[in-house]
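Student: Going by my numbering, the sequence shown opens with residue 3, and the numbers climb by one from there.
Glycine is no exception: its CB is placed at the ideal position from the N, C-alpha and C atoms.
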Amino acid sequence: MCYAIPGKVVGIKDNIVTVDYFGEKKKAKNDFYSLERGEYVYAQGGFVVQKVSIQEAESILDTWKELFFQLQKTDLKLAQNPKTLYQRANYIRNKYLGNACCIHGIIEFSNYCRCDCLYCGIRKSNSELLRYRMEPDEIVNGAVEAAKNLGFKALVLQSGEDLWYDDDKLVEIINKIREKAALLLVLSIGERDVKTYKKLYKTGARGVLLRFETSNASLYQKLRPKHKLEDRIELLKKLREVGYLIFTGFLIGLPGQTKEDIDNDIKLTASLGTDMFSFGPFLPHPQTPLGKYPAPSLDAVLSIIANTRLANPEAKILVTTALETLDKENGMKFGLLAGGNSLMINLTPQKYQRLYDIYPDRVGIEEDISRRIDSTIKLLHSLGRAPADLGL
Ligand code: SF4
């Protein structure tokens, strides 16, 4: 079973519910269920994902009771006496959001892309890359497996900008997943019409992961030929208006990026009303025009996570797996101790994982998924992080 616990509904106002996790109260948006006080739900990313029977919830909570308070103590201990930048960020994270931590699954369903971003290994000009597309039913089966057998409550469906998946195919995929599994579905499919995104929202998708990559408009245009920063920002704003949870952010260490750019990147992420900050290191891919530039240091990335946390005490900050490429042993742990409070686990079928080659040396590729989940949960336990929802 994955890392999630049910909470009790203790308040309802319109479609916002207050959910109690052993005395900690979090708000969540409820679009899909008829709920009453005293009932139990799973929530993820500030969103009610599933209603659970009182009997089932109470039996799960019984097994969690002792551990939940132990985890709180461990986290509090690790967050005390802040002296360094990272420790201050960890202290603030604990003070404002407690020890809650989200784990999302991700399925990378196609490595075809019509774009040619200079930093990306699956850009269309990379002719050395073997391309793949998962069939709609294969994606649905993967999502159902993630929810039912692995216990995930939130899933990102990611691809390059691959228009082979037209509106009909995407609607069919989301419909089928929603018929069979309770998941917060987050789309990471690039720039599409707002009309398309509206259709997918109506079908049941509720999150969009779309980074703006850099707030520097001229750098953006250099790195993403034929694209403009203002279009992406406009799209993000419109998607927020549609009702989507917005996961966005930037790349750290891009060639030509300045410290001022990074400060602006953090500000822009916050100003978009971002629900999940998602930023990670630029990792040079040898089959791209930026292949010879250096990656940033682990410290550079950690200090940006920490500064983001200090400037945005209540933010959900994703620790990306790219951080583990900079430090395989401790990247994730250090990210969580520098202000991060969310993770993603790759659930792409093993035969495709190596082909989603956005950057080299991705960690966890072809590792047994149960082992990966176990080691992640072990890490979270050691840091005192609990799977209560982070709330709205
Ligand atoms: S960054 Fe995204 S849009 Fe750009 S080439 Fe890679 S997958 Fe395509």
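1. Would Gly-282 pass as a contact of Leu-325 if the rule is Cβ separation under 8 Å?
2. Work out the CA separation of Asn-143 and Ser-129 for me, nearest whole Å.
3. When the Cα of Cys-115 is compared with those of Leu-131, Thr-260, Gly-107 and Ile-109, which residue comes out closest?
4. Just to confirm, are Ile-94 and Asp-359 a CB contact at a threshold of 8 Å?
5. With DSSP collapsed to three states, give me the class of Glu-110.
6. Alpha carbon to alpha carbon, what distance is there between Thr-290 and Leu-357?
7. Hey, would you say Leu-120 sits closer than 8 Å to Leu-292, going by beta carbons?
8. Could you tell me whether the Cβ atoms of Ala-156 and Ala-183 are closer together than 8 Å?
9. Going by C-alpha to C-alpha distance, which of Tyr-354, Glu-262, Leu-78 and Asp-265 sits closest to Ala-388?
10. With H, G and I counted as helix, E and B as strand and the rest as coil, what does DSSP make of Phe-249?
11. Between the C-alpha atoms of Val-173 and Gln-82, what's the straight-line distance to the nearest angstrom?
12. Could you check whether Ser-280 and Thr-250 sit closer than 8 Å to each other, using their CB atoms as the reference points?
13. At 3 residues or longer, and completely inside the stretch 285-315: list those beta strand (DSSP E) runs for me, N to C.
14. Return the chain-ordered list of same chain residues with a C-beta closer than 6 Å to the C-beta of Gln-52, the five sequence neighbours on each side being excluded.
15. Please classify Gly-258 as buried or exposed, where buried requires at least 16 neighbouring CB atoms within 10 angstroms.
16. Under three-state DSSP, which class holds Pro-283?
17. If we require 4 or more residues per run, which alpha helix (DSSP H) segments fall completely within the stretch 72-107?
18. Would you report the Cα separation of Glu-316 and Ile-347, rounded to the nearest angstrom?
19. Check each candidate in Leu-328, Arg-311 and Tyr-203 and name the one with the smallest Cα separation from Leu-320.
20. Going by CA-CA distance only, name the one from Asp-391, Asp-33 and Leu-69 that's closest to Asp-277.
21. Enumerate in chain order the residues of its own chain whose CB-to-CB distance from Gln-223 is below 8 Å, with the five nearest sequence positions on each side excluded.
22. Note down, in chain order, each residue of its chain lying with its Cβ closer than 6 Å to the Cβ of Gly-393, except the 5 sequence neighbours on either side.
23. For the beta strand (DSSP E) holding Glu-26, just list the boundary residues, first then last.
24. Below 7 Å, is the gap between the Cβ of Gly-282 and the nearest heavy atom of ligand 1?
25. Glu-163: beta carbon under 7 Å from a heavy atom of ligand 1?
26. Considering Cα atoms alone, identify which of Glu-262, Ile-371 and Asp-195 is closest to Gly-153.
27. Grab the span of the alpha helix (DSSP H) containing Lys-446 for me, first residue to last.
28. Of all the options Ala-313, Ile-62 and Asp-265, which has the alpha carbon lying nearest to the alpha carbon of Arg-90?
29. What residues in its chain sit with their C-beta under 7 Å from that of Met-3, if we drop five residues either side in the sequence?
30. Alpha carbon to alpha carbon, what distance is there between Lys-15 and Ile-379?
31. State the beta-bridge partners of Gly-40 as determined by DSSP.
32. Please state whether DSSP places Leu-382 in a helix, a strand or coil.
33. I'd like to confirm something about Asp-233: is its beta-carbon nearer than 7 Å to some heavy atom of ligand 1, or not?
34. Below 8 Å CB to CB, which residues in the same chain sit around Ile-248 once its five sequence neighbours on both sides are set aside?
35. Mapping DSSP to helix, strand and coil, what is Ser-127?
36. So, using beta-carbon positions, are Val-19 and Leu-37 closer together than 8 Å?
Tutor: According to the structure shown:
1. Yes, they are a contact pair.
2. About 30 Å.
3. Cys-115 has its Cα closest to that of Leu-131, out of Leu-131, Thr-260, Gly-107 and Ile-109.
4. No; because the gap between Cβ atoms is not below 8 Å, this pair is not in contact.
5. Collapsing the DSSP output to three states places Glu-110 in a strand.
6. Thr-290 has its alpha-carbon roughly 15 Å from the corresponding atom of Leu-357.
7. Yes.
8. Cβ distance not < 8 Å, so Ala-156 and Ala-183 don't count as in contact.
9. Among Tyr-354, Glu-262, Leu-78 and Asp-265, the Cα nearest to that of Ala-388 belongs to Leu-78.
10. In this structure, Phe-249 counts as strand in the three-state DSSP scheme.
11. Distance between the alpha carbons of Val-173 and Gln-82: 48 Å.
12. For the pair Thr-250 and Ser-280, the CB atoms are nearer than the 8 Å cut-off.
13. You should have found no qualifying run.
14. Once the five neighbours on either side are set aside, the close Cβ partners of Gln-52 are Tyr-44 and Ala-184.
15. Exposed, since its Cβ has fewer than 16 Cβ neighbours within 10 Å.
16. Strand at Pro-283.
17. Runs found: 87-99.
18. So the alpha carbons of these two residues sit roughly 23 Å apart.
19. With distances taken between Cα atoms, Leu-320 lies closest to Arg-311.
20. Among Asp-391, Asp-33 and Leu-69, the Cα nearest to that of Asp-277 belongs to Asp-391.
21. His-229, Lys-230 and Leu-231, listed in sequence order.
22. Within the same chain, Gly-393 has close Cβ partners Lys-28, Lys-29 and Gly-48.
23. DSSP places Glu-26 in the uninterrupted beta strand (DSSP E) bounded by 26-31.
24. Gly-282 Cβ: outside cutoff for every heavy atom of ligand 1.
25. For ligand 1, at least one heavy atom lies less than 7 Å from the Cβ of Glu-163.
26. Ranking the options by Cα distance to Gly-153, first place goes to Ile-371.
27. A query on residue 446 cannot be resolved here, the shown segment of the chain reaching from 3 to 394 and no further.
28. It is Ala-313.
29. Confidence is the limiting factor: at Met-3 the pLDDT is only 47, short of 50, which leaves the residue's position unreliable and the question unanswerable from this model.
30. Each residue's Cα considered, the two are about 34 Å apart.
31. Answer is none; Gly-40 lacks a bridge partner.
32. Three-state result, Leu-382: helix.
33. Checking every heavy atom of ligand 1 against the Cβ of Asp-233, none is found closer than 7 Å.
34. Around Ile-248, the same chain offers Gly-209, Val-210, Leu-212, Leu-238, Leu-241, Arg-242, Leu-274, Gly-275, Thr-276, Asp-277 and Met-278 as residues with beta carbons nearer than 8 Å, after the five sequence neighbours per side are excluded.
35. Note: Ser-127 maps to coil in three-state DSSP.
36. Against a cut-off of 8 Å, the Cβ pair of Leu-37 and Val-19 comes out as a contact.
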